[in-house]
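Trainee: I have a structure I would like to understand better, so I am pasting it below and will then ask my questions one at a time.
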Amino acid sequence: MIKRIFNAVGKRTKDAKFQQKAIKKQDKIEQGEKVLAPRYPTEDKRFQKAMSDEKLRELVNKKESTLVENMNKITIKSTDPVERWTSTKDLPTRESEWLHRNDPVWEYGFYEPEEKRIPKNKLMFREALEVLRARQEIEDDSDGPNAAKMREEARKVYEEHKAVARVDPEKLDEMWEYFRPFVRKDTQK
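So the mapping is simple: our numbering equals the position in the sequence shown, first residue as 1, plus 16.
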């Protein structure tokens, strides 16, 4: 308990002494006196030795007019940093998703490019799903009353699809080999 009291009192006196020293230093600076940074004892010995030498003192105090002229020639132009490029596209939000809920171009959460801008042997995500769905319906083995009719419609959609004309048949076969659209099966195996 007594230790805490002494620590509190000691801290206040140390703070007061520091404040007094700071005020004295500030007064010296305002009066124009040079206030040098404190030196280490070994450095202070070397400095005193150097200041006792007349030649060194003259070199230190001498002003080189050429250096001063060169310094005066230097002009510094300060400008703000160049603004970084920022994207003008807005990131998707819930509000934007809600606004685009019925927009077929925004169906998968991003705008797809125009069909004429798509290079040969490339597909949009929507086109890939449409082609895969049509091909899956063509190869469906169900024996329902409308199965044959649905297969014919799927074959017609597949053959008339713009993506099938743009992409090589080998690429479509490779895509079919590795990818399938989701299929809902009501019965479990």
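Quick reminder that beta carbons are idealized off the backbone N, C-alpha and C, glycines included. Note that the structure is a prediction, hence the values are computed from the model and not measured.
Excluding the 5 residues flanking LYS187 on each side, which residues of the same chain have their C-beta closer than 6 Å to its C-beta?
Mentor: Cβ-Cβ distances below 6 Å link LYS187 to ASN137 in the same chain, with the five nearest sequence neighbours on each side left out; the list follows chain order.
Trainee: Is ALA38 near the ligand GTP, with its Cβ less than 8 Å from a heavy atom?
Mentor: In the structure shown, the ligand GTP is absent, as is every other ligand, since no ligand is present at all.
Trainee: Specify, as a first and last residue, the run of the alpha helix (DSSP H) that PRO57 falls within.
Mentor: Element bounds for PRO57: 57-68.
Trainee: Quick one, are the C-beta atoms of GLU146 and HIS177 less than 9 Å apart?
Mentor: yes
Trainee: What are the start and end residues of each continuous beta strand (DSSP E) run of 3 or more residues lying completely inside the region 38-125, in chain order?
Mentor: none
Trainee: Beta-carbon within less than 7 Å of ARG171's beta-carbon, same chain only, minus the 5 sequence neighbours each way: which residues are those?
Mentor: ILE154
Trainee: What is the DSSP secondary structure of MET140, counted as helix, strand or coil?
Mentor: If DSSP states are grouped into helix, strand and coil, MET140 belongs with coil.
Trainee: For PHE1 versus ALA144, is the C-beta spacing smaller than 9 Å?
Mentor: In the structure displayed, the chain extends from 17 to 205; residue 1 sits before or after that span and is not available.
Trainee: Just reading off the alpha helix (DSSP H) that LYS250 is part of, what are its end residues?
Mentor: Absent from the model: residue 250. The displayed extent of the chain is 17 to 205, so no value can be given.
Trainee: With respect to the alpha helix (DSSP H) encompassing ARG171, which residues constitute its N-terminal and C-terminal limits?
Mentor: 163-176
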